[in-house]
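Using the UniProt record's numbering, you'd call the opening residue of the sequence shown number 1 and step up by one each time. Glycine is no exception: its CB is placed at the ideal position from the N, C-alpha and C atoms.
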Amino acid sequence: RGRPLGPVDKYRVRKKFPLPRTIWDGEQKTHCFKERTRSLLREWYLQDPYPNPTKKRELAAATGLTPTQVGNWFKNRRQRDRAAAAKNRSAVLGRGFASSSTYDEDSADSEINVDEE
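Encoded structure:
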């Protein structure tokens with residue numbers, strides 16, 4: 001109608017006409033820290049995922065974060081890595097069971113020994 005859209009109008013348009021999945025999957029990626037800070041944290045994480053308090057203070061000084069923020073970043077990263085590893089493990093195990101689980105009733109019955117007296 002010739003007027004600029006406000007936040008509510010923009011929201012309504014996005015809801016009515018969502019972007020196709022080939023362009024956007026609906027996930028919002030947000031980062032609290034700048035890319036330079038994140039890359040520095042990742043480098044240190046690869047060297048030592050469990051930094052001591054001295055290293056945390058050193059890294060905090062290099063990134064401009066507080067030692068608590070650095071510690072939380074490492075803690076969250078370790079948790080995300082563990083969750084990803086568990087997910088990969090379960091996916092691999094799931095595929096392994098599907099392909100190699102053949103159950104033979106005859107051989108299973110022959111292994112059962114029942115003493116009849």
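Roughly how many angstroms separate the alpha carbons of Tyr50 and Arg42, rounded to a whole number? Each residue's Cα considered, the two are about 12 Å apart.
Would Phe74 pass as a contact of Tyr45 if the rule is Cβ separation under 8 Å? In contact: Phe74 and Tyr45 (Cβ atoms closer than 8 Å).
Out of Cys32, Gln47 and Arg77, state which residue places its alpha-carbon closest to the alpha-carbon of Gly64. Nearest option by C-alpha distance: Cys32.
Where do the ends of the alpha helix (DSSP H) carrying Glu43 lie? Note, Glu43: alpha helix (DSSP H), Glu35 to Gln47.
With 16 other CB atoms within 10 Å as the buried threshold, where does Tyr11 fall? Taking every protein chain shown into account, the CB of Tyr11 has fewer than 16 other CB atoms within 10 angstroms, so this residue is exposed.
Helix, strand or coil, according to DSSP, for Tyr11 in the structure here? Tyr11 falls in the helix class under three-state DSSP.
Using a 10 Å radius around the Cβ and a threshold of 16 neighbouring Cβ atoms, would you call Val70 buried or exposed? So Val70 counts as buried.
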